[in-house]
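S.K.: Just dropping this structure here.
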Amino acid sequence: MDYEEVVEEEFQVDSTASYGQHLIDTQVSTSPNATQDLHLVPNSPSKNSNYPESPSKQSVQPVSNDDTKKPPSIAKDLSAFTAYLVDLLVQIPMLSEDQLAHWMKYKLKPLCVVDSHNFLFIQALLKQLSNEWHDGIHIGFPINRILEELQTLAASNQEAQMLSDIVKYSDDLPLDVVTSLISIHALGKPTAGDIIKLHRAYKGLTPPPVELLRSFTIMNALIADCFIPGRSNNYRQEKLWLLAYASATIVSSPDPTIVDTKAVIPLYEQLEAFDGVLIRVTSMAQMQDQLVKFFSAIDEPVLSMGLLHWIKQRLFDPDFYEWISFTLGDAPPIFYILDEMAIRNPEQRSHVFSVWKMLFEHEYQKITPLVAVRCRFNLMKYTFHLSNNKLFFRFNFVRDFLTILFY
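With UniProt numbering applied, the sequence shown corresponds to residues 1 to 407, in that order.
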């Protein structure tokens, strides 16, 4: 089974200017939420390499995918499989962010898809490694990232998804919790019954492991169900509490039942108050008075993701825009907020980029061609502005935008 590497060019432009800063400077000159220089200065790509150098890992070589030999099966050759897997796992601590993504795509996933035996064993092993602690530090926590990536592989294959569920929920968990989590994974959204069961379980004396709620699919489903314009208020408080519990609970020992939940209620109150603000904003004109609250929310990751989802839904509604601002050459405040999200929260950049791309592809039926051109010009300006803030920017991503714009 051959895997060809897709080579993507990267470029970097140095600048630290922030478009959104001037919006709040005039309102709160000493606000702690003003844009900060985060010193996001990645190293330039190393010569003859497709990967950026890491300051602490300059001697690490990019993972090669030149090996065209088919990965071994644990069912056919245990010793070969073990040697192959160990060789892959020892590379993890030395990989940079880009190298890790490349490693998962071209090394680990091909080994998993050889057969169901490989997939089941690797899932079980990684889950065990993710539970490792040393001197009070959860050293296995980063492995959860790899498990999440394998979940995306399993989502397109019913057998793989079943095996993944077996491993993930193999602990002594309440049946109601397991069925609710599997249902949310399958449907992509929670039902009223799922919310009630999960809320009851995590409010109990012996709550299930919080890591189950922190799954990307579960968190994304809860956020999407809470922060959507015009959504039902049924079980609103329960959903916001689950988001706060997943985000603020601190696990400080190998025993998942021993947790620190002191920060849950304050975060829940923040979520509830901010949700009330979003409900009252029905047009761009109404955003101006709430800018300080919007920029403050960006500093809390779960609030920022909720705001990003709300913005994405609003920007696809043509009635939400003040289209005259585009004819005057102005950009709406909501664009500045997206700009700040990508700068302050590096882990959310890919989500912000996806919103820009979706807006480029969207066709609005109620606007004139001139306004449409100015709107797209502003979208492109802010997209490239992100690259100017010392962020690595994929060439293929830029190419996609140019294709959409001119063809």
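All C-beta atoms in this analysis are idealised placements derived from N, C-alpha and C, irrespective of residue type, glycine included. From a predicted model like this one, the values you see are computed outputs, not experimental measurements.
Between A186 and R214, how many whole angstroms is the CB-CB distance? I'm expecting something under 8 Å.
M.R.: No, A186 and R214 are not in contact; Cβ-Cβ is about 18 Å, not under 8 Å.
S.K.: Taking only three categories from DSSP, how would you classify D260?
M.R.: strand
S.K.: Look at the Cβ atom of L150, then the Cβ atom of I182, and state whether they are nearer than 9 Å.
M.R.: no
S.K.: Name the two residues that bound the continuous alpha helix (DSSP H) containing L308.
M.R.: 301-315
S.K.: So for V90, helix, strand or coil by DSSP?
M.R.: coil
S.K.: As a quick exercise: from Q348, P71, V86, R314, pick the residue whose alpha carbon is nearest that of P333.
M.R.: Measuring C-alpha to C-alpha distances from P333 to each of Q348, P71, V86, R314 identifies R314 as the nearest.
S.K.: Who are the Cβ neighbours of I228 in its own chain at under 6 Å, not counting the five residues just before and after it?
M.R.: Q313
S.K.: Taking buried to mean at least 16 other C-beta atoms within 10 Å of its own C-beta, is S350 buried or exposed?
M.R.: With fewer than 16 other Cβ atoms within 10 Å, it is exposed.
S.K.: Along the chain, which unbroken stretches of the alpha helix (DSSP H) at least 4 residues long are found entirely within the stretch 213-250?
M.R.: 216-226, 236-248
S.K.: Assuming the contact rule is C-beta atoms closer than 8 Å, residue 438 and I143 should be a hit. Round their C-beta distance to whole Å, please.
M.R.: Residue coverage of the chain in this structure runs from 1 to 407, which leaves residue 438 outside it and unanswerable.
S.K.: Rounded to whole angstroms, what is the Cα-Cα separation between S116 and S354?
M.R.: Taking the straight line joining both Cα atoms gives about 33 Å.
S.K.: Please report the residue range of the alpha helix (DSSP H) in which E340 lies.
M.R.: 333-344
S.K.: Let me make sure I understand the geometry here. Which of S79, P254, T179 has the alpha-carbon closest to that of P209?
M.R.: P254
S.K.: Would you check if there are 3 or more beta carbon pairs closer than 8 Å linking the stretch 299-307 to the stretch 279-289?
M.R.: no
S.K.: Per DSSP, I137 is paired with what?
M.R.: H134
S.K.: How long is the line joining the alpha carbons of I137 and K357, rounded to whole angstroms?
M.R.: Spanning the two alpha carbons is a distance of roughly 39 Å.
S.K.: Using the Cα positions of residue 441 and V113, report the straight-line distance between them to the nearest angstrom.
M.R.: Because the chain is modelled from 1 through 407, residue 441 falls outside the range shown and cannot be assessed.
S.K.: So is F295 buried or exposed if we call it buried at 16+ other beta carbons inside 10 Å?
M.R.: buried
S.K.: Taking just the CA atoms, how far does F377 sit from V371?
M.R.: 10 Å
S.K.: Which whole-angstrom value is the C-beta distance of Y268 and A244, which I expect to be below 8 Å?
M.R.: Contact flag correct, Cβ pair sits at about 4 Å.
S.K.: Following the continuous alpha helix (DSSP H) through A201, name the residue where it begins and the one where it ends.
M.R.: 192-203
S.K.: I need the boundaries of the alpha helix (DSSP H) containing I182, first residue and last residue.
M.R.: I182 -> alpha helix (DSSP H) spans 175-187.
S.K.: Starting from V113, follow the alpha helix (DSSP H) in both directions and report where the run begins and ends.
M.R.: From DSSP, V113 is part of no alpha helix (DSSP H); its letter is neither H nor E.
S.K.: Count the other CB atoms, across all protein chains shown, that sit within 10 Å of the CB of E340; report buried if there are 16 or more and exposed otherwise.
M.R.: With 16 or more neighbouring CB atoms inside 10 Å of its own CB, E340 falls in the buried class.
S.K.: Is it right to say D77 is buried, meaning 16 or more other beta carbons lie within 10 angstroms of its own, or is it exposed?
M.R.: exposed
S.K.: Thinking C-alpha only, which one of H199, M284, D87 is nearest D176?
M.R.: The shortest C-alpha separation from D176 is found at H199.
S.K.: Please classify S283: does DSSP put it in a helix, a strand, or coil?
M.R.: S283 falls in the coil class under three-state DSSP.
S.K.: Could you spell out the range, first to last residue, of the alpha helix (DSSP H) harbouring Q297?
M.R.: In the sequence under discussion, the amino acid at residue 297 is Ala, which differs from the Gln named in the question. Counting along the chain, the alpha helix (DSSP H) containing A297 begins and ends at 291-297.
S.K.: Which residue marks the beginning of the alpha helix (DSSP H) containing S354, and which one marks its end?
M.R.: Run containing S354: 349-361, per the alpha helix (DSSP H) assignment.
S.K.: Is it right to say F216 is buried, meaning 16 or more other beta carbons lie within 10 angstroms of its own, or is it exposed?
M.R.: Exposed, because fewer than 16 other Cβ atoms sit within 10 Å of the Cβ of F216.
S.K.: Who are the near neighbours of L308 in its chain, counting only those whose CB is closer than 8 Å to its CB and skipping five residues on each side?
M.R.: These residues qualify, in order along the chain: L338, M341, Q348, H351, V352, V355.
S.K.: If you follow the alpha helix (DSSP H) that Q288 is in, where does it begin and where does it stop?
M.R.: Neither: Q288 is in no alpha helix (DSSP H) and is coded neither H nor E.
S.K.: Assuming L88 and L108 make a contact with CB atoms under 8 Å, what is their CB distance in whole Å?
M.R.: 6 Å
S.K.: Identify, in the order they occur along the chain, each residue of the same chain with its Cβ nearer than 6 Å to the Cβ of I139, setting aside the five sequence neighbours on each side.
M.R.: E132
S.K.: For H39 and L173, I'd like the C-alpha separation in whole angstroms.
M.R.: Only weak support exists for where H39 lies, its pLDDT of 36 falling under 50; the value from the coordinates is given anyway. Distance between H39 and L173, taken at the CA atoms: about 44 Å.
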